[in-house]
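**Student:**
There are 2 protein chains.
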Amino acid sequence: MLDARKKNVLLAIVQDYIATAEPVGSRTIARKYKLGVSPATIRNEMADLEEMGFIEQPHTSAGRVPSDRGYRYYVDHLMKHEELTMDEEKLVLNSYLSKVQDVGEVLRCTGNLLSQITNYTAVVLTTHYGKGRFKHIQIIHMGPGQAMVVLVSDSGAVQHRIIDVPDSIGPEDLDTISRVLNHKLQGKSIKNIRLTLIKEIYLELARQKHVLNMAMDLIRDGLDVKTGEKVYLGGIFNILNQPEFHNVEKVKTLLSLLEQEKELSNIIEGVFDARGVTVRIGEELENESIKDCSMVMASYGMDGKPVGGIGLLGPTRMDYARAYAVVDYITSNLSLVMERLLRGRGK
Amino acid sequence: MLDARKKNVLLAIVQDYIATAEPVGSRTIARKYKLGVSPATIRNEMADLEEMGFIEQPHTSAGRVPSDRGYRYYVDHLMKHEELTMDEEKLVLNSYLSKVQDVGEVLRCTGNLLSQITNYTAVVLTTHYGKGRFKHIQIIHMGPGQAMVVLVSDSGAVQHRIIDVPDSIGPEDLDTISRVLNHKLQGKSIKNIRLTLIKEIYLELARQKHVLNMAMDLIRDGLDVKTGEKVYLGGIFNILNQPEFHNVEKVKTLLSLLEQEKELSNIIEGVFDARGVTVRIGEELENESIKDCSMVMASYGMDGKPVGGIGLLGPTRMDYARAYAVVDYITSNLSLVMERLLRGRGK
DNA sequence: GTTAGCACTCAATATAATAGAGTGCTAACA
DNA sequence: TGTTAGCACTCTATTATATTGAGTGCTAAC
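Right, dumping it as structure tokens:
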């Protein structure tokens, strides 16, 4: 599709623009990238590349800038895949070693790591709660009339909630209910708990009438967990270091997007089914307010099933090779950490 | 200290500047605020006020702008206290009614409310975990070799953590340990748990040797909770709507502060002991990067004891009267919500 | 003590001039 | 036929220069 020299010119333009954020002229390319031809020749090639839609000109007397399509071609065909430095890998491993207490903490830490290493804004997403499967429930008696429900899903999400209980119900009753629920709910999809189980619970607990009502209430209200995903952000203000965001209006539209977690999770969920790292460039993100941005994303998970995703958000001019390497390295480690966390060291 | 007319002039300057963000000239005051005197007279008063340090001039041919000291005088002596509109109060109450499941959720919601109503950036802080007192612990058996520790403090914070346990320990053993710990730790300060209890636990469980080691490990590692406060932010990007932040450099220093949770919590913790709403203006915040900002803060709590604080961050030119009213209204409601949440409806 | 009047200051805006980077095209060259 | 030197042209960015206008401080009169 593109002959070797055109590829080289495009590569030079993309690399130079990523590095300098200045439109790239023919002379610069000839000087810096030694393609063995004169600026005039390069100008001809550039005219062709522009006609094909890979680069564009901000105005007549400026150099060329890659278009979304140009970046896409770069990512798909020209980009050299990088690796992290030893130091960076060590940083990641150490962070994970010291934070393996709690899923939320691990994800927050992941967001910070991502942004710290890359200087881009990081987005970390946990999967929709309702998609998980039931793992364990425990109702803990905390005092007269008060109890706490703790619900754990196989994706590692833990929900807790304080509820009121009739004074007549003691710790043993709560244990009974817990046991029955655990038995009945094993492996069920959390989203469907309410629908499927009312009858069964009824039969099981019919003999202990005073406990029954409580259990029913619990299923109706207590398990009505918030089903939203959770989004962790890291390095929000990193984006301000990019020259394309020296204008406050742009920053505003971007930040207001970052506050709408719904939008973000839609974008990232779109790549859950993809293998490995996915890059969405500019308009490919299909969102007006970040049409000048790109996102490098991947999902993490257990046993090959995704339970969440991470993404790096930067200008379309971002360093894709580096972002790609970082996202790749971190997702695979994150998946390991999650498995260890949810299954215990032995397994 | 200031005669009535000077007060009126100062009030006019502060109000006008808060409303317009433009330096206020003598003519504007005479026209808009009908003090019954001519611009020339006002100029004389302004010269006095400037000499006293209440106002300053950005440059010779500009109007006057309140100084930190001017705002301070305004807040202490001139400000009229406002109330929220019915609609706003309703909004707050409704939000709280629908979110009373979980402390974290309530605080996140509070951050959003604050920023939504005021258009300033909201900071919501929970108290230092170690300062709370032990309320309940439960070790839940989740499968062979795996258990979850749930720790609740009287300030409502809940910590959960998955731990490995020896395969030889079954659910009943975990119950035993839970029971002993609950008994021994009742009401103790969480920070001191480790120091005070090792001996006692030892005596209590000496007979059940196989459980003892596990309990010891738990005390040593499992209860070593993260002691940091938690900070919830709302409406970070609201600050961008203020004309004083049209310059990206300022935004950057501010946002980088907002990412340092430590700094923020120090500021807010400083007002935990104060009754009611506290206002810190500009340099009073003692932090270089927000010397052009002010914060309106208050603590919320139970039984008069603070368990956290909230704050509104805006430019020194912020609308103190309104921020004051909002912070006041929301802290008192938040305190109620927290009490209800942690004690159950009846009490 | 108050006020009108006026010269003065200084940022902000508008206007013009200049420099410089980069292009596209043409014509000559290998 | 592909490559290249040369050159006129375009357009932004920068700098220099006027112009405007809000607002002041001071003085002198009321």
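Same order as they appear, the protein sequences are chains A and B.
Heads up, the first sequence is in our numbering, so the first residue is 40 and it goes up one at a time.
Heads up, the second sequence is in our numbering, so the first residue is 40 and it goes up one at a time.
In this text, a Cβ means the ideal position worked out from N, Cα and C, and glycines have one as well.
As the structure is a computational prediction, the values presented were derived from the model and not from experiment.
Determine, for Arg384 of chain B, whether the minimum Cβ-Cβ distance to residues of chain A falls below 7 Å.
**Tutor:** With a pLDDT of only 42 at Arg384 of chain B, under 50, the local geometry of the prediction cannot be trusted, and no value is derived from it.
**Student:** Between the stretch 375-382 of chain A and the stretch 193-209 of chain A, do three or more beta carbon pairs fall short of 8 Å?
**Tutor:** Yes, the stretch 375-382 of chain A is in contact with the stretch 193-209 of chain A.
**Student:** Beta-carbon within less than 6 Å of Val365 of chain A's beta-carbon, same chain only, minus the 5 sequence neighbours each way: which residues are those?
**Tutor:** Correct list, in chain order: Ile156 and Thr157.
**Student:** Mind checking which residues open and close the beta strand (DSSP E) that includes Gly64 of chain B?
**Tutor:** No beta strand (DSSP E) contains Gly64 of chain B, which DSSP labels as neither H nor E.
**Student:** Say whether chain B places a C-beta atom closer than 7 Å to the C-beta of His199 of chain A.
**Tutor:** True, the Cβ-Cβ gap to chain B drops below 7 Å.
**Student:** Going straight from the alpha carbon of Leu88 of chain B to that of Ala58 of chain B, what length do you get?
**Tutor:** Looking at the two C-alpha atoms, the distance is approximately 20 Å.
**Student:** In angstroms, rounded to a whole number, what distance separates the CA positions of Leu220 of chain B and Pro282 of chain B?
**Tutor:** In a straight line, the C-alpha of Leu220 of chain B is about 56 Å away from that of Pro282 of chain B.
**Student:** For the alpha helix (DSSP H) that contains Arg111 of chain B, what are its first and last residues?
**Tutor:** Unbroken alpha helix (DSSP H) run through Arg111 of chain B: Asp107 to Tyr112.
**Student:** Given a limit of 7 Å on CB to CB distance, which residues of the stretch 201-222 of chain B reach chain A?
**Tutor:** Answer set for the stretch 201-222 of chain B: Ile201 and Asp203.
**Student:** Measure from the alpha carbon of Ile306 of chain B to the alpha carbon of each residue in B:Leu324, B:Arg314 and B:Asp312, then state which is nearest.
**Tutor:** The shortest C-alpha separation from Ile306 of chain B is found at B:Leu324.
**Student:** Would you say Met377 of chain A reaches chain B, if we count a Cβ-Cβ gap shorter than 7 Å as a contact?
**Tutor:** By this cut-off, Met377 of chain A is not an interface position.
**Student:** Let me check one thing: in DSSP terms, what residues is Cys332 of chain B bridge-paired to?
**Tutor:** Answer is B:Pro354, bridged to Cys332 of chain B.
**Student:** Nearest chain A C-beta to Met181 of chain B closer than 7 Å, yes or no?
**Tutor:** Chain A contact via Cβ: present.
**Student:** Would you kindly check if the distance between the Cβ of Met85 of chain B and the Cβ of Val103 of chain B is under 7 Å?
**Tutor:** The sequence given here places Arg at residue 103 of chain B; Val does not occur at that position. Yes, Cβ-Cβ distance for Arg103 of chain B and Met85 of chain B is below 7 Å.
**Student:** Pick from B:Ile201, B:Leu351 and B:Gln177: whose alpha carbon is nearest that of Gly143 of chain A?
**Tutor:** With distances taken between Cα atoms, Gly143 of chain A lies closest to B:Ile201.
**Student:** Cβ of Asp342 of chain A less than 7 Å from any chain B Cβ?
**Tutor:** No, its Cβ sits nowhere closer than 7 Å to a Cβ of chain B.
**Student:** Which residues, in chain order, does the stretch 316-329 of chain A contribute to contact with chain B at a C-beta distance below 9 Å?
**Tutor:** If the cut-off is 9 Å between Cβ atoms, the stretch 316-329 of chain A has nothing near chain B.
**Student:** Which same chain residues, not among the five before or five after Leu49 of chain B, have their C-beta less than 8 Å away from its C-beta?
**Tutor:** Excluding residues within five positions, the ones whose Cβ falls inside 8 Å are Leu41, Leu88, Phe93, Ile94, Pro105, Gly109, Tyr112, Tyr113 and Leu117.
**Student:** With Gln185 of chain B as the anchor, note down where its beta strand (DSSP E) starts and where it stops.
**Tutor:** Where Gln185 of chain B is concerned, the enclosing beta strand (DSSP E) stretches over Gln185 to Ser192.
**Student:** Nearest-angstrom Cα distance between Asp358 of chain B and Asn280 of chain B?
**Tutor:** The straight-line gap from Cα to Cα measures roughly 14 Å.
**Student:** Within this structure, are the beta carbons of Val63 of chain B and Tyr72 of chain B separated by less than 7 Å?
**Tutor:** No; because the gap between Cβ atoms is not below 7 Å, this pair is not in contact.
**Student:** Among A:Met187, A:Ala362, A:Glu61 and A:Gly315, which one has its Cα closest to the Cα of Tyr159 of chain A?
**Tutor:** The shortest Cα separation from Tyr159 of chain A among A:Met187, A:Ala362, A:Glu61 and A:Gly315 belongs to A:Ala362.
**Student:** With a threshold of 16 other CB atoms inside 10 Å of the CB of Lys129 of chain A, please say whether the residue is buried or exposed.
**Tutor:** Classification for Lys129 of chain A: exposed.
**Student:** So, are the CB atoms of Gly150 of chain A and Val163 of chain A less than 7 Å apart?
**Tutor:** Against a cut-off of 7 Å, the Cβ pair of Val163 of chain A and Gly150 of chain A comes out as a contact.
**Student:** Going by alpha carbons, who is nearest to Arg147 of chain A out of B:Tyr368, B:Asn277, B:Ser338 and B:Val270?
**Tutor:** Comparing Cα-Cα distances from Arg147 of chain A to each of B:Tyr368, B:Asn277, B:Ser338 and B:Val270, the minimum goes to B:Val270.
**Student:** Nearest by alpha-carbon distance to Gln198 of chain A: which of A:Phe173, A:Leu213, A:Gln185 and A:Asp206 is it?
**Tutor:** Ranking the options by Cα distance to Gln198 of chain A, first place goes to A:Phe173.
**Student:** Assuming Gln155 of chain A is part of the beta strand (DSSP E), what are its boundary residues?
**Tutor:** First-last for Gln155 of chain A: Val142 to Thr157, but that is the alpha helix (DSSP H), not the beta strand (DSSP E).
**Student:** Is DSSP giving Gly321 of chain A helix, strand or coil here?
**Tutor:** Here Gly321 of chain A sits in helix by DSSP.
**Student:** Beta carbons nearer than 8 Å to chain B: which residues of the stretch 356-381 of chain A have them?
**Tutor:** Residues passing the 8 Å Cβ filter: Leu380 and Leu381.
**Student:** Express the C-alpha separation of Ala360 of chain B and Val335 of chain B in angstroms, rounding to a whole number.
**Tutor:** Answer to the nearest angstrom: the Cα atoms are 10 Å apart.
**Student:** Give a yes or no on whether the minimum CB-CB distance between Asp331 of chain B and chain A is below 7 Å.
**Tutor:** Closer than 7 Å: no.
**Student:** Note down, in chain order, all residues in the stretch 289-303 of chain B with a beta-carbon under 7 Å from any beta-carbon belonging to chain A.
**Tutor:** The stretch 289-303 of chain B vs chain A, Cβ under 7 Å: Val290, Lys291, Leu294, Ser295 and Glu298.
**Student:** Let me make sure I understand the geometry here. Which of B:Leu272, B:Gly274, B:Glu268 and B:Thr292 has the alpha-carbon closest to that of Phe276 of chain A?
**Tutor:** Closest option to Phe276 of chain A, Cα to Cα, is B:Thr292.
**Student:** Rank A:Gln96, A:Lys45 and A:Arg356 by C-alpha distance to the C-alpha of Thr80 of chain A and give the top, closest one.
**Tutor:** Of the listed residues, the one whose Cα sits closest to Thr80 of chain A is A:Lys45.
**Student:** Please compile the residues from chain B whose C-beta is within a distance smaller than 9 Å of the C-beta of Val191 of chain A.
**Tutor:** Within chain B, the residues near Val191 of chain A are Ile179, Met181, Met187, His199 and Ile201.
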